[in-house]
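Just so you know, we're using our numbering here: the sequence shown kicks off at -9 and counts up by one.
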Amino acid sequence: MRKEFCGVFGIWNHPEAANLAYLGLYALQHRGQETAGICSTDGDRLYHYADQGLVQEVFTRSTLSGLKGNAAIGHVRYSTTGSSASRNTQPLMANYWGGSLALAHNGNLTNAAELKKRLERKGAIFQTAMDSEILLHLIARSEENDFLEALKDALRQIRGAYSFLILRPGQMIAAKDPRGFRPLCVGRLGESYVVASESCAFDIIGAQLVRELEAGEMAIIGPEGIRSEFPIQPRIEPSFCIFEHIYFARPDSVIAGRSVYEMRKRLGRQLAIEHPAVADMVVPVPDSSNPAALGYSQQTGIPFEIGLIRSHYVGRTFIEPRQSIRDFGAKIKYNPLQQLLVGKRLVVVDDSIVRGTTAQKIVKMLRAAGAVEIHYRLSCPPWKNPCYYGIDTPLREELLASSRDLEAMRAYIAADSLQFLSIEGLERVFDNQGGFCMACFSGDYPGGRPRNHFKEILEARAVRVAAKP
Ligand code: SF4
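Set out below in structure tokens:
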């Protein structure tokens, strides 16, 4: 399965800032399970704690009490670029000519390799393997004398996907890339401002969602309130990641005014219109496919049943970084409900196939449990192309759909039939309004396919190292 990615949370002007950041990160845990960190400020200095592990493992009452002040930013991470070593935790901290700052980043910079090379040639020494560190070096080396001008200067040099949160004594800044690949929203909690990757992080602390940050927006939050600038002009067509809606975001989040849960149900309805099947029940691959399966069931009238029980003590299978753990995770993650399935024809609704190994195991499990027909349905189009914008997909050749036609994919997972939602159907569900990135399906990368990608260079290095006898 694919791997992701990161979640960010920030709060300004609250006496319990670090504790609320902890809760916000807890709600964003699905966006990254390898590292967690919080940086706070009391207006004079920054306080920081980060480590490898889940939010609840990383922080204790004692570490949280050391994070003083009324503002904080936090981060949960899966390694999209850079390894999962403990030095690669965020928020990143730095001292520069203007003082100290902390940075939390969700996304991938597509020109990171060339920027890093240029900076290293000028003497920069990188402390981590994360592309996010590039922004710190660009700020520190800017010829602008004012921090915000230096930040804008840095933002104009980077390309790709970013939703940044930056904390300095006296200021919190949220910035989104000009195409707005990753989500970032603003909320209010009384007199406090909150910023998070997803609105589900507001619900847990009782904050109200105000709005999604616009593509290219830089929101500056301080004692005087909030104001926005758009440092990169002219503004370009947004390309929000459609996969946030299909799979990544939590169904209880609202993104750009759309309920993730409702959109997933609509995807299931559209899938049923395009690819009906004669069957006894609709079974979701839990949990992320539940709403799409419900939509499929409602459209067709075929009963919805929880035929696969998911163990909630196992993380998402893609989260673990090593293949051996991932395979193990897939086997222990689902258990078919045998009494329900014996002799039944199933429509199995899933939200994506990446390598196909999980789908193959699910089909095998369901047949072993007594299902007589399995019609596999996907609430997204075939995933043929890697992502360069913050979703750590496998290399192109590892993607099931990159080199196989529909029949070859069906044979690989050993289902009776296999069908995917069409790209046109996907667009229809989102009212043909445009403004989305769908490159992993279409190969149409916003602004062109990135070259010399940082991740590929890192991977190539890793392959070379691994290939040594
Ligand atoms: S390539 Fe796919 S996963 Fe990556 S940003 Fe675009 S839609 Fe999202």
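Just so you know, even glycine gets a beta-carbon here, dropped at the ideal spot from N, CA and C. Source: prediction; values computed, not measured.
One or two residues paired with residue i in a DSSP bridge
i: T118; result: DSSP lists no partner for T118.
i: F294; result: V272
i: Y183; result: W2, R178
i: G59; result: Beta-bridge pairing links G59 to no other residue.
i: T31; result: L36, A61
i: Y366; result: V338, L408
i: E202; result: C175
i: F230; result: F426
i: T25; result: Q42, R67
Residue i versus residue j - alpha carbon distance
i: M355; j: P281; result: 22 Å
i: L155; j: F(-1); result: 8 Å
i: P376; j: E388; result: 10 Å
i: M208; j: K166; result: 7 Å
i: F192; j: L145; result: 27 Å
i: I195; j: L408; result: 42 Å
i: R256; j: T348; result: 24 Å
i: P436; j: A205; result: 13 Å
i: S287; j: V337; result: 9 Å
i: S187; j: T383; result: 20 Å
i: T307; j: P224; result: Low confidence applies here, because T307 scores a pLDDT of 49, under 50, leaving its location unreliable and the question unanswered by this model.
i: E310; j: E24; result: Unreliable placement is indicated for E310, whose pLDDT of 49 sits below 50; no coordinate value is reported for it.
i: G346; j: R77; result: 33 Å
i: E110; j: E104; result: 10 Å
i: D143; j: L99; result: 16 Å
Cβ distance (whole Å) where residue i is taken to contact residue j below 8 Å
i: A61; j: A7; result: 5 Å
i: I364; j: A405; result: 5 Å
i: A40; j: Q80; result: 7 Å
i: S432; j: I236; result: Going by Cβ atoms, the distance from S432 to I236 rounds to 14 Å, so no, they are not a contact pair.
i: S243; j: C190; result: 5 Å
Reference residue i; option with closest CA among the options
i: C29; options: W87, A94, R67; result: A94
i: I63; options: D34, V273, N85, A26; result: A26
i: Y478; options: D136, Q46, C427; result: Because the chain here runs from -9 to 459, residue 478 falls outside it and cannot be looked at.
i: M271; options: S393, E295, L257; result: E295
i: W373; options: A361, A401, L411, V353; result: L411
i: G380; options: A102, V250, K323, V332; result: A102
i: P276; options: P293, P159, D341; result: D341
i: R300; options: P173, P326, E202; result: P326
i: P221; options: Q42, F426, G177, R169; result: R169
i: I403; options: V353, G14, L10; result: V353
i: L13; options: R108, D34, E24, R51; result: R51
i: G415; options: A262, H38, A267, Q19; result: A262
i: Q147; options: I124, G160, Q350; result: I124
i: K106; options: H127, N96, R394, L91; result: H127
i: G297; options: L57, C231, K142, A361; result: A361
i: A246; options: L18, L199, D34; result: L199
Would you mind listing the alpha helix (DSSP H) stretches within the segment 129 to 168 that are 4+ residues and don't spill past its ends, in chain order? 137 to 145
Contained beta strand (DSSP E) runs [length at least 3] in the segment 314 to 361, N- to C-terminal order: 324 to 326, 335 to 340
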